[in-house]
Each structure stands twice: as structure tokens, then as C-alpha cells.
């Protein structure tokens, strides 16, 4: 069992899980990566077997043929070193690249896309808490689980190796009289078969380890009832603050909008529920522009400010509704409304003795 506070009985909230993930604390089973890498190694060995055996044969031939005539000097040593490195690179590099890809893929399957630098930040509270660190290292449930896994894996490997070697012994002894390529191929194939048989119980151990890792992760992140209540209050408080900020922004935006009403040429109304203030200045915009709009109480306030500033108020129900629904504050009216708006503005400008928009 994990060593957690008995009072932590509540499941971790999504906020706590997200915070742990941001800090790089995720449920990751090391056995998954080990098993995937081992599986990849076997598959690569099976696919790459003939090439590896051929390279080993060439290497053996070189040593066997050249052993008697090999001259020990700087040039021959360099040539020998280059040949060995080249042969090993051809055999090892493709396998290592495949192993790296499988290791990355196994971790990606467990935790998904995750990038954080917080795992590298030193935690001084843990650095100086030596007693707790020693307890976690030697007396924790995690240590016992790791010990059990290691012993189980060692037992499985020993049993499978014993059975495989015993079964292959009679078949393997005559192989030493065969060509080097055949000996190398037999040894590699036997090793690959052995690992395949080892993988079967290892997959079971890995599945159990994945389950335990996730269970232990949740147990470590469990919360007390007070922590859950405090987090809920904090979230509610944050929501209230955001709502207040939103209301203030709307209030400021509304005040700015109302300040533009005196600059309007006309206010078009529903007449009781909607009001839209329009302005047309050919030097500012290619078409009439909405300076302010609102419904109900806001509409009444727009009409009130318009009357106080001698801005004409005209009733046109369909036009008022269309403007309110389709045109935002600061935008110009769409082309399909030109004629209706131009008619109203022409009357207004005629009364003011001002040139209106072309219909």
C-alpha cells in the first residue's frame, strides 16, 4: 500500500491532476519501456539475422586468415580499428535507432504529448529531508513492489533460459563443426527465441505494473475533504472575479458606446425594444456606421441621450431589427440595407440642410 495520509480519502480533482501533469508528475511504468525495447530487439534480430550473421562471418574470416601474417604497426592497427568499427556500426546502429524509437513510442503511449522543464528544477524540501528520503528508498511500498518485480523477472528469465538451453543443447553441440556463418546464425536465432519466450510472462508482469502504477499515482494525489472544499471555493471565487471583470469590461464598453450617441446622425428604433445609432461621414467610412445599439433598458438610454443632444429618432421596425441582429458596433451597414438607411438619412439631412448619402 502507498504511504499516504489516511485523511486523504477523496479522489483528486481535475485541477490537481492537471497541476501534477504540468509538473511532469504522470503515471509512467518503466516496465512498458523495457518490454517494448526488448520486443523491438527481438524483432530486429529476427529481421536482421542473415545480415548480422554474414558480417560476423566476414569478421571471423579476417581474423582467422590474417592472424598468422598480421603485422603489428600503426597502419595495420588503424585499418583493423576502422574495419571493426564499420562492421559493428552496420550491425548495431540500425538496431539502436529502432530501440530508441520504440522507447519513445512506449512513453508516448502512456502519457501522450508532454513537455515540461519543472522535473529538472531542484526541490530543496526533498533534498534536505534525508530521513524521509531513506524511508522512501528502503521501507516504502514502492520499494517492495520494485523488489518483487525484479525477483519475478529474474525467476522467469532463469526458468526460461534453463528450459531453452536444455532443449537446444543436443542441437547446438554439432553446430560448432559447422561454418562460422551457420554457428553465428544459430546462436542469434536461439537467443532471439529465448527472449521471445521470456517476453510472454514479462507482458503479464508489465500489465500488472501499469495497473499498479496508475493506482498508486491516484492514491498519491488523493485529497482531504478540506482540500476539496478549499479548491471548490477557490474556483468559485475565481469565477466570481472573472464575472466581475467581465461586467466591468461590459460597463466600460457600454459607457464608451453611449458616449458616441451624441455624434450620431439618427437613431432608428423598434420603437420600444431596440435602438440603433447611425452616423454617416464620407471621410470616415464608405457607408453609414453603427455607433451604438441596444435592447430594452439600453435602447431607452440611447433614445434618451439622443433626445438630450437633438439627435433625430426615427421608427422603422424591420430595419431596426435587421441592424441590431446583423451589424456590430463600429461596423458599417451591409449593402442590402443601403437603400432603407439612405432614405431615412436623406430626410434627416434635408431637415438639417446637410448633404446626405447617395441612394
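In full-length UniProt numbering, the protein residues as written are 1 to 359.
Built from N, CA and C at the ideal position, the CB exists for glycine as well.
Note that the structure is a prediction, hence the values are computed from the model and not measured.
Going by beta carbon distance, what residues of the same chain come within less than 6 Å of residue i, once the five residues before and after it are set aside?
{"i": "residue 198", "result": "157, 160"}
{"i": "residue 98", "result": "40, 44"}
{"i": "residue 102", "result": "36, 37, 40"}
{"i": "residue 301", "result": "none"}
{"i": "residue 295", "result": "273, 274"}
{"i": "residue 95", "result": "44"}
{"i": "residue 285", "result": "332"}
Measure the CB-CB distance between residue i and residue j and report whether it falls below 8 Å.
{"i": "residue 345", "j": "residue 266", "result": "yes"}
{"i": "residue 299", "j": "residue 264", "result": "no"}
{"i": "residue 229", "j": "residue 12", "result": "no"}
{"i": "residue 7", "j": "residue 209", "result": "no"}
{"i": "residue 410", "j": "residue 26", "result": "As displayed, the chain neither begins before 1 nor continues past 359, which places residue 410 out of reach and without an answer."}
{"i": "residue 311", "j": "residue 271", "result": "no"}
{"i": "residue 269", "j": "residue 313", "result": "yes"}
{"i": "residue 257", "j": "residue 348", "result": "no"}
{"i": "residue 187", "j": "residue 164", "result": "no"}
{"i": "residue 15", "j": "residue 231", "result": "yes"}
{"i": "residue 109", "j": "residue 21", "result": "no"}
{"i": "residue 225", "j": "residue 190", "result": "no"}
{"i": "residue 42", "j": "residue 192", "result": "yes"}
For residue i, which residues of its own chain have a beta-carbon under 8 Å away from its beta-carbon, when the five flanking residues on both sides are left out?
{"i": "residue 333", "result": "278, 287, 288, 289, 290, 323, 327, 341"}
{"i": "residue 149", "result": "31, 205, 209"}
{"i": "residue 319", "result": "268, 337, 340, 341, 344"}
{"i": "residue 10", "result": "222, 223, 224, 225, 227, 228"}
{"i": "residue 297", "result": "none"}
{"i": "residue 105", "result": "36"}
Where does residue i land, buried or exposed, given buried means 16+ other C-beta within 10 angstroms?
{"i": "residue 162", "result": "exposed"}
{"i": "residue 202", "result": "buried"}
{"i": "residue 76", "result": "exposed"}
{"i": "residue 282", "result": "exposed"}
{"i": "residue 47", "result": "exposed"}
{"i": "residue 293", "result": "buried"}
{"i": "residue 147", "result": "exposed"}
{"i": "residue 206", "result": "buried"}
{"i": "residue 316", "result": "buried"}
{"i": "residue 303", "result": "buried"}
{"i": "residue 213", "result": "buried"}
{"i": "residue 276", "result": "buried"}
{"i": "residue 351", "result": "exposed"}
Leaving out five residues on either side along the sequence, give the residues of the same chain with a beta carbon under 7 Å from the beta carbon of residue i.
{"i": "residue 227", "result": "none"}
{"i": "residue 145", "result": "212"}
{"i": "residue 321", "result": "270, 274"}
{"i": "residue 73", "result": "none"}
{"i": "residue 234", "result": "none"}
Sort out for me which residues DSSP pairs residue i with in a bridge.
{"i": "residue 294", "result": "275"}
{"i": "residue 223", "result": "10"}
{"i": "residue 289", "result": "279, 332"}
Length at least 3, wholly inside the region 238-272: the beta strand (DSSP E) runs in chain order: The qualifying runs are 266-269.
At what residue ranges does the UniProt region "Disordered" (1-26) contain a whole run of the alpha helix (DSSP H), taking only runs of 4 or more? Along the length of the UniProt region "Disordered" (1-26), whole alpha helix (DSSP H) runs at least 4 residues long occupy 14-22, reported in chain order.
Restricting to runs no shorter than 4 residues, where is the alpha helix (DSSP H) found entirely within the region 301-352? Listed in chain order, they are 317-326, 338-352.
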